[in-house]
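>
Residue numbers (our numbering): 1024 to 1178.
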């Protein structure tokens, strides 16, 4: 029983790796997640608010993985367009969009706090190393997100 559980966990991890390697939006989600998690420390969130942020930052990539699964499951290799396949892909993408918009709106409500924003500004202005680290993170994130062909051997 434990062996089957560990095997299924391995499949799940393989699916997450596949999503990261082949889906640019998944990489964007991960960068946004790290950015939000780091900057949460400057805001005075309750435990419930922290739970909401963590839930939303996991929910968006989870929906992205489901979208990828639908896209791959209904993909037709021939040139003929099959309307239900396109509808399934569009609907799954719509689900990702809804969750993403909800996450952005909720984040906007939660992070629009003048004290938290002033804490972030103070952090980046108090030490020259902090904005440099932010710039390094931004450059590394850019390459992480945009190098689509890094893992692909066919192209």
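Idealized CB from N, CA, C, for every residue including glycine.
For residue 1112, which residues from the same chain have a beta carbon less than 7 Å from its beta carbon, with the 5 sequence-adjacent residues on both sides left out?
1093, 1094, 1097
> Note down the Cα distance separating residue 1046 from residue 1167, rounded to an integer number of angstroms.
11 Å
> Taking residue 1110 as part of the alpha helix (DSSP H), name the residues at either end of that continuous run.
1106-1134
> Do residue 1080 and residue 1056 have their CB atoms nearer than 8 Å?
yes
> How do the stretch 1026-1046 and the stretch 1056-1069 stand: do at least 3 beta-carbon pairs fall below 8 Å, yes or no?
no
> Straight-line CA distance for residue 1137 to residue 1027?
50 Å
> Would you say residue 1133 and residue 1072 are within 8 Å of each other, going by their C-beta atoms?
yes
> Write down the C-beta distance between residue 1042 and residue 1088 rounded to the nearest angstrom, noting that I regard them as a contact closer than 8 Å.
5 Å
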